[in-house]
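>
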Amino acid sequence: MKIERIVVPPPCPGLDMAAGYGWVQSSAIRAGAYLFVSGVLPIDPQTGERLQGTLTSEAHRAFQNLKLVLESAGSSLERLAQVRAMIYDRIEYDALNRVYRQYVPSGPPARTVWSVRIMDAFKVQLDAIAVI
Amino acid sequence: MASREIIVPGNDKLNVSRNFNLPHSPGIRAGDFIFLSGMLSTDPQTGERSPGTMAHETRQTLTNMRHLLESAGSSLERVVKINVLIYDMLEFENMNAVYRQFFPKDPPARTTCGVQLSAGMKIEIECIALA
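Protein chains in written order, with the numbering used here: chain W, 23 to 154; chain H, 197 to 327.
(1) From the DSSP output, which residues share a beta bridge with V188(W)?
(2) Taking 6 Å as the limit between beta carbons, can you name the residues of its chain near D116(W), skipping five residues before and five after?
(3) Whose C-beta lies closer than 8 Å to the C-beta of H263(H) among residues of the same chain, with five residues either side of it excluded?
(4) Counting only Cβ pairs nearer than 7 Å, list the residues of chain W close to A305(H).
(5) Measuring only between beta-carbons, confirm whether K318(H) sits less than 8 Å from chain W.
(6) Would you verify that the beta carbon of I154(W) is, or is not, closer than 8 Å to some beta carbon of chain H?
(7) Distance cutoff 8 Å, beta carbons only. Does N290(H) sit that close to anything in chain W?
(8) With a CB to CB cut of under 7 Å and the five nearest residues on each side skipped, what residues in its chain are close to F58(W)?
(9) In chain W, what lies closer than 9 Å to G310(H) by C-beta?
(10) Applying the 10 Å Cβ sphere with the 16-neighbour rule, what's the burial state of L281(H)?
(11) Would you be able to state if there are at least three C-beta pairs under 8 Å between the region 125 to 144 of chain W and the region 291 to 304 of chain H?
(12) What does V29(W) touch in chain H if you count any residue whose Cβ is under 8 Å from its own?
(13) So, are the CB atoms of I109(W) and V135(W) less than 8 Å apart?
(14) When the Cβ atoms of the region 247 to 261 of chain H are set against those of the region 301 to 321 of chain H, are three or more pairs found closer than 8 Å?
(15) Hey, could you find the ends of the alpha helix (DSSP H) K89(W) is sitting in?
(16) Show which residues of chain H have a CB atom less than 9 Å away from the CB atom of G54(W).
The structure is reproduced here in structure tokens:
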């Protein structure tokens with residue numbers, strides 16, 4: 023039997039990137055026991071305003087938004103399987119880790135950190151696969 | 197144990213990893229999921245890279261991705277996650293506009309980032325789909 027592909031609606035209006043930003047993506051897709059989450063950015067979950075700041079402030083906001091998406095789909099930060107943490111500059115690697123460990127204090131998910139260019143000059147983007 | 201099998205495009209010219217002798221498979225089917233390698237714009241007639249504008253490369257890459265998925269019995273509608281790598285975030289809208297034509301309804305989860313790509317190409321796309 024084929025696994026059903028379920029579109030997960032955005033948990034808050036501000037995180038609806040399709041409506042607010044015109045980006046062609048669902049907030050997340052559920053397939054069987056897995057949840058595939060679109061890249062999460064430091065955006066105000068109510069207004070959709072971009073919250074650019076320091077790497078630390080952006081990482082906190084991105085993690086809080088990721089938490090909202092995961093929990094609205096019946097998963098959680100504890101149920102993350104793999105994360106690609108994208109940062110704008112490798113020099114901030116330690117700053118990322120300081121925030122990162124607060125959100126996954128024990129048994130953290132598999133992770134790769136990529137230093138890349140991120141939309142709208144953000145400093146952090148979190149890309150995640152979780153289990154429900 | 198879940199199955200693991202290599203999937204290949206029906207059109208031999210699009211079997212880039214074999215034609216360019218690269219150590220990856222076009223895709224792997226693992227149980228209920230299909231994992232595709234990153235795809236660049238390739239001409240389906242000649243098998244050569246097909247560089248061009250962001251719109252052209254996006255269109256050609258997604259056309260080839262659709263062919264590869266359909267060769268494996270899946271489809272673009274079964275894609276759950278897409279990672280889009282582009283050479284310059286300034287071209288995001290040029291990518292997004294063409295991308296929209298391929299996913300008119302219930303698009304997959306997507307993450308986009310800017311990186312340096314092989315051979316001066318402008319976009320590379322990888323995905324996970326349901327078989």
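For every residue, glycine included, the Cβ atom is placed at its ideal position computed from N, Cα and C. This structure is a prediction, so every number in the text was calculated from the model and none was measured.
Taking the structure as given:
(1) Nothing about residue 188(W) can be reported from this structure: the residues present for chain W run from 23 to 154 only.
(2) Around D116(W): no qualifying Cβ.
(3) Correct list, in chain order: P205, G206, N207, L210 and P240.
(4) Taking the beta carbon of A305(H) as reference, the chain W residues within 7 Å of it are Q47, S48, A50, I51, F58, V59 and S60, listed in sequence order.
(5) No, no contact with chain W.
(6) The C-beta of I154(W) comes no closer than 8 Å to any C-beta of chain H.
(7) Chain W contact via Cβ: absent.
(8) Residues of the same chain with a CB within less than 7 Å of the CB of F58(W), apart from the 5 flanking positions on each side, are A50, I51 and I151 in chain order.
(9) Those are V138, R139, I140 and M141, listed as they occur along chain W.
(10) Counting Cβ neighbours within 10 Å, L281(H) comes out buried, since at least 16 surround it.
(11) At 8 Å Cβ cutoff, the stretches do not touch.
(12) Within 8 Å Cβ-Cβ: D302.
(13) It is a contact, given that the beta carbons lie within the stated cut-off.
(14) With the cut-off at 8 Å, the region 247 to 261 of chain H and the region 301 to 321 of chain H touch.
(15) Residues L77 to S94.
(16) What G54(W) touches in chain H: D228, F229 and L326.
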